[in-house]
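The sequence shown begins at 1 in the UniProt record's numbering and counts up by one.
Each remark here refers to the structure printed beneath this line.
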Amino acid sequence: MVCGLASCLVLLFWLDFLFFVPTPVPALLRSAITTHVHLSLTILFSLVYIFSSFPAASCWFILLAMSVHDTLPVHLEFAVQMTCERCANKVRAALEGKPGVKSVSIDVGKEQVLVESALTSAEVQTLIESTGRRAVLKGFGGSEQDLVSAVAMLSGPGTVQGVVRFLQLAEERCLIDGTIDGLEPGPHGLHVHTLGDLTLGCLSCGEHFNPFGRQHGGPGDSERHVGDLGNIVAGPDGRASFRLEDSQLKVWDVIGRSLVVDTEEDDLGRGGHILSKQTGNSGERLACGIIARSASLFQNPKQICTCDGVTLWEERDRPIAGKGRSKADTDTPSAHL
């Protein structure tokens with residue numbers, strides 16, 4: 001019905017334009033306009049036929065059009081090793097004018113770089129470090145007052161590890177920004193699980209977070225687990241750097257739960273396998289971490305971790321946790337600044 005009305009309106013507009021092009025318009029221009037209108041009408045009638053014959057296609061077209069929007073820029077606060085304006089100018093030159101970077105603000109005295117960008121935090125960090133300076137992400141926030149933010153540090157029995165950040169931009173808009181290393185190239189399922197229990201590794205994280213008792217699905221489906229975040233894709237180097245937006249996930253509902261990345265691709269409930277409607281048949285649990293509340297912009301003054309003596313810059317080059325993390329561990333040398 002909606003598609004039929006919309007098609008009629010567009011059709012009337014083009015017919016009006018075709019038959020009422022002012023006569024003073026030069027003949028050549030009028031001919032070009034008429035040809036363009038004829039082509040547009042042909043396409044339009046084809047779409048009307050398809051939508052009339054296949055109602056599902058019209059619904060798909062509307063949903064696709066509604067889902068297209070620009071990636072929302074967020075503010076990323078980095079601590080960057082800088083000692084002079086020359087350093088700041090190099091960092092500024094590496095960022096300004098790059099696609100996806102909206103604004104850059106630098107405070108040399110505080111060794112602080114604030115970037116408003118639609119790029120992932122890992123992509124911005126790479127741009128900064130292309131100048132030869134270390135950078136550490138300290139804060140993560142939206143353009144307006146954020147509701148809450150959280151972070152999950154993922155690790156497992158293998159080499160996979162990563163950091164994923166959650167930012168609630170609005171009641172129905174959650175931004176998920178992350179980087180996970182050590183993956184096999186290709187897609188991997190990513191899900192929020194019910195329990196923040198790592199006593200048995202990822203096996204004790206419980207099932208997918210599913211407070212409404214629905215079947216498994218994809219991030220764009222209405223019928224899905226709240227914890228269904230779809231797939232992330234690792235490149236040839238084993239790194240998956242991603243930024244997702246989700247309308248069902250609420251950060252305040254998942255703090256204290258866990259985030260798990262799987263060995264295989266999530267079929268989004270469409271694979272026909274016996275596990276498709278339960279887990280997306282995405283294989284074994286590869287790495288996981290507890291989702292904890294985190295600092296937003298300008299809320300992280302940390303320069304040294306009191307629990308293990310690791311400074312901000314040493315932390316940049318050390319594992320997230322485990323062997324090699326502690327400053328007392330001589331197997332991992334301190335960073336050379």
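Using N, Cα and C, we set each Cβ at its ideal position, and we do this for glycine too.
Only a predicted model underlies this, so the values are computations on that prediction, with no experimental measurement involved.
Bridge partners of M153 according to DSSP: V163. Around P157, the same chain offers G201 as residues with beta carbons nearer than 7 Å, after the five sequence neighbours per side are excluded. Rounded to whole angstroms, the separation of the alpha carbons of E172 and S247 is 5 Å. If you draw a 10 Å sphere on the C-beta of K110, you find fewer than 16 other C-beta atoms in it, and that means exposed. The C-beta separation of R133 from V91 comes to about 7 Å, placing the pair in contact by the 8 Å criterion. In this structure the stretch 247 to 265 lies against the stretch 172 to 186, because at least three pairs of beta carbons, one per stretch, are closer than 8 Å. Taking the Cα positions, I290 is about 37 Å away from G97. DSSP places D253 inside the alpha helix (DSSP H), whose first and last residues are 251 to 254.
In this structure H273 does not touch A234 by the C-beta definition: roughly 22 Å separates them, more than the 8 Å allowed. Annotation for A152: V164, L259, G289, I291 place their beta carbon closer than 6 Å to its own, counting only its chain and skipping 5 residues before and after. Assignment of S276 by DSSP, reduced to helix, strand and coil, places it in the coil class. Judged by DSSP secondary structure, S121 falls within the alpha helix (DSSP H) whose first and last residues are 121 to 129. Beta-bridge annotation (DSSP): S103 is paired with E116. Secondary structure of V108 (DSSP, three-state): coil.
In this structure, DSSP gives E85 a helical state, which the three-state scheme calls helix.
Considering only S155, L147, V115, the residue with the shortest C-alpha distance to V136 is V115. Under the DSSP assignment, H216 falls outside any beta strand (DSSP E); it carries neither an H nor an E label. Apart from the 5 residues on each side of it in sequence, S294 sits with its Cβ closer than 6 Å to the Cβ of S149, A150, V151 in its chain, given in chain order. One alpha carbon belongs to N231, the other to M82, and they sit about 37 Å apart. Here R86 is exposed. Its C-beta has fewer than 16 other C-beta atoms within 10 Å. Exposure of E284 is indicated by the presence of fewer than 16 other C-beta atoms within 10 angstroms of its C-beta. G218 is not a Cβ neighbour of L183, given a cutoff of 8 Å. Under DSSP, the beta-bridge partners assigned to S241 are T179.
Close CB contacts of V74 within its chain, under the 6 Å cut and outside five residues either way in sequence, are with G142 (chain order). If you draw a straight line from the Cα of T131 to the Cα of A93, it is about 9 Å long. Taking C-beta separations shorter than 6 Å and ignoring five residues to either side along the sequence, the partners of Q125 in its chain run A135, following chain order.
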